[in-house]
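Encoded as structure tokens, the structure appears first; notes follow it.
The following block contains the structure:
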């Protein structure tokens, strides 16, 4: 290998000298000679070098002084550290890019279709088939949805620490498909009795203990499978693009837009077609269609195995985090040196596999700079993350109380009956519409006003989202006030009713607590409470206004946290030449 490289270098030098002598002999008094570009293959790279030499003359002596060497490196393998399935550097022509990402987008769309085919109408299934009341069904949905997103922490941990994203996605999808098959079988043979029951006005027999046990086993297997799969698939899809390649870097940004489109297309089918058949009592068919979609998604995912790009797991982050806290505790009296004297490993990569170096930001101390900054990122993000929990409480009402509220309304359009769970279609359509409006209208306007090419910063966009969520609760409360004016109260009152994914999970659990507290405080012997079994005798509007008030308080806290928060700075190549690394 060394001999081959040496002979290549000799050939290059001879070519340069010969071309340069030819240039000199062709012009008796040349002031500048430009040599033709050379293409040299070294390892996995083809380097195109343009060499320019300038000859300066004066009366005493003549000297040759090279003034510039411009080089452009064209790589046929990825430079971001990704590998093929055999552990070799990934070849761009044979792995990743859109050939793999399109498969993953279709896979995600089918998985989403299966998930919402079960989840979006599950609150109605609990009420009509399992005979739960409104509050109990709403809390059951919040528990289940919260568990989905809390399991995402397990999936993300296993993916980043041990298994890698490909194996994590494959294993959790298998669990997901198994759960859907068990749910379909349990509904077919044990729960939906007589066949076709569960439609509006069609009474189902009391479920058996075995049927209820299998129902909860299957739904929580679905939660575990989908929760573990979700955080890995988006990152695995973006891994198929080399961010050091300008063309692939642009595709990587576009991938996330298409990823969100796949989410909405998959859920759109579930919220319209599947929900309609389920609302008509065809629960078994709806669940089997969801199981088939998930199985097809798994097959497509496995078909792309030979062409995927992979990253090595980075190891257990809890160990690194604990190390930083232990080091900080042991040396908390130590004087903090200048940032250029802080301990960091040499080279381009950080000590943590797969993570770029992070520059020091003047808070906390010790371990490598990247290790400390990793922990500081978590600590600085924590207040922002906590502020999103109230928004998640608001968001989870779409799958529970909004659907229950919709079942009390007239949802007929002529002779066609619109299922209450299909109201979430408006959420999907509004998201798609506002994405287009934001990109085409708001971003250009805001970029001119703020000078930021993105229009608004990430924190500003989150703040706007909190305001919109608060406004949604106010509108929901006003709608409920108007609805109650149009119905008569019955004589017999009855008693009733996830970082991003982790935030949604906690939001669902907080919603459970909030619904339980409100129900216990507002319901009594002669009072139906705010969320009774029959919503016509309750005050769901007051619950929505309570959420709006909590959102207002949360917004004020978020603004204070967003003003305090400072983003991280990654190490750049330009600063490496002047960097001094000393072990402290």
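In mature numbering (1 follows the signal peptide of the UniProt record, and there is no 0), the protein residues as written are -23 to -1, 1 to 561.
Glycine included, every Cβ here is placed at the ideal spot set by N, Cα and C.
The model shown is predicted, which means the values in this text are computed figures rather than measured ones.
| query | result |
| --- | --- |
| Can you tell me which residues form a DSSP beta bridge with residue 131? | Paired residue(s): none; residue 131 is not in a bridge. |
| Can you give, in chain order, each stretch of the alpha helix (DSSP H) that sits fully within the region 101 to 185 and has at least 4 residues? | 111 to 135, 142 to 163 |
| With 16 other CB atoms within 10 Å as the buried threshold, where does residue 196 fall? | buried |
| Are the beta-carbon atoms of residue 219 and residue 385 separated by less than 8 Å? | no |
| Quick one: measure Cβ to Cβ for residue 162 and residue 188, integer angstroms, because I've assumed they're closer than 8 Å. | Contact doesn't hold; Cβ gap of about 10 Å is too wide. |
| Nearest-angstrom Cα distance between residue 253 and residue 94? | 10 Å |
| Out of 535, 249, 452, 157, point me to the one whose CA is closest to residue 393's CA. | 249 |
| Could you check which residue in 365, 348, 142, 264 has the C-alpha nearest to that of residue 533? | 365 |
| Helix, strand or coil, according to DSSP, for residue 272 in the structure here? | helix |
| Return the residue from the list 226, 65, 301, 371 that minimises the CA-CA distance to residue 443. | 371 |
| Measuring straight from C-alpha to C-alpha, what distance separates residue 85 and residue 164? | 25 Å |
| Is the region 124 to 131 in contact with the region 230 to 247, if contact means three or more CB pairs nearer than 8 Å? | no |
| Would the region 205 to 213 and the region 171 to 180 be scored as touching if the rule is three or more Cβ pairs under 8 Å? | no |
| Using only alpha-carbon positions, find the residue among 170, 368, 528, 507 that is nearest to residue 108. | 170 |
| When the Cα of residue 210 is compared with those of 157, 129, 160, which residue comes out closest? | 129 |
| I need the boundaries of the alpha helix (DSSP H) containing residue 427, first residue and last residue. | 420 to 427 |
| Please name the residue, chosen from 112, 362, 390, that lies closest to residue 439 on a Cα-to-Cα basis. | 362 |
| Sorted by chain position, which residues of the same chain lie with C-beta nearer than 7 Å to residue 97's C-beta, five sequence neighbours on each side aside? | 247, 248, 252, 376, 398, 401 |
| With a Cβ-Cβ cutoff of 8 Å, do residue 157 and residue 91 count as a contact? | yes |
| Where does residue 541 land, buried or exposed, given buried means 16+ other C-beta within 10 angstroms? | exposed |
| Just tell me which of 355, 536, 269, 285 has its CA closest to the CA of residue 81. | 285 |
| Please go through the region 217 to 275 and give each complete alpha helix (DSSP H) segment of 4 or more residues, from N-terminal end onward. | 223 to 246, 252 to 256 |
| Excluding five sequence neighbours on each side, which residues of the same chain lie with their C-beta closer than 6 Å to the C-beta of residue 311? | none |
| Report all residues from its chain with a CB closer than 7 Å to the CB of residue 261; omit the five preceding and five following residues, and keep chain order. | 161, 164, 165, 169 |
| Determine the DSSP secondary structure at residue 59, reduced to helix, strand or coil. | coil |
| For residue 214 and residue 358, what's the separation of their Cα atoms in angstroms? | 25 Å |
| Under 8 Å by Cβ, that's how I've got residue 114 and residue 496 pegged, so tell me the actual separation to the nearest angstrom. | Not a contact, Cβ separation roughly 13 Å. |
| Do residue 152 and residue 198 have their C-beta atoms closer together than 8 Å? | yes |
| Is residue 256 near residue 147, with beta carbons less than 8 Å apart? | no |
| Would you kindly work out how many angstroms separate the C-alpha atoms of residue 573 and residue 435, rounded to a whole number? | Nothing about residue 573 can be reported from this structure: the residues present for the chain run from -23 to 561 only. |
| By the three-class DSSP mapping on this structure, what secondary structure does residue 288 have? | coil |
| Using beta carbons (cut-off 8 Å, strictly below), is residue 452 in contact with chain C? | The structure shown has no chain C; it contains just one protein chain. |
| Specify whether the region 134 to 143 and the region 69 to 77 touch according to this definition: at least 3 beta carbon pairs, one from each stretch, less than 8 Å apart. | no |
| Using only alpha-carbon positions, find the residue among 415, 390, 309, 302 that is nearest to residue 350. | 302 |
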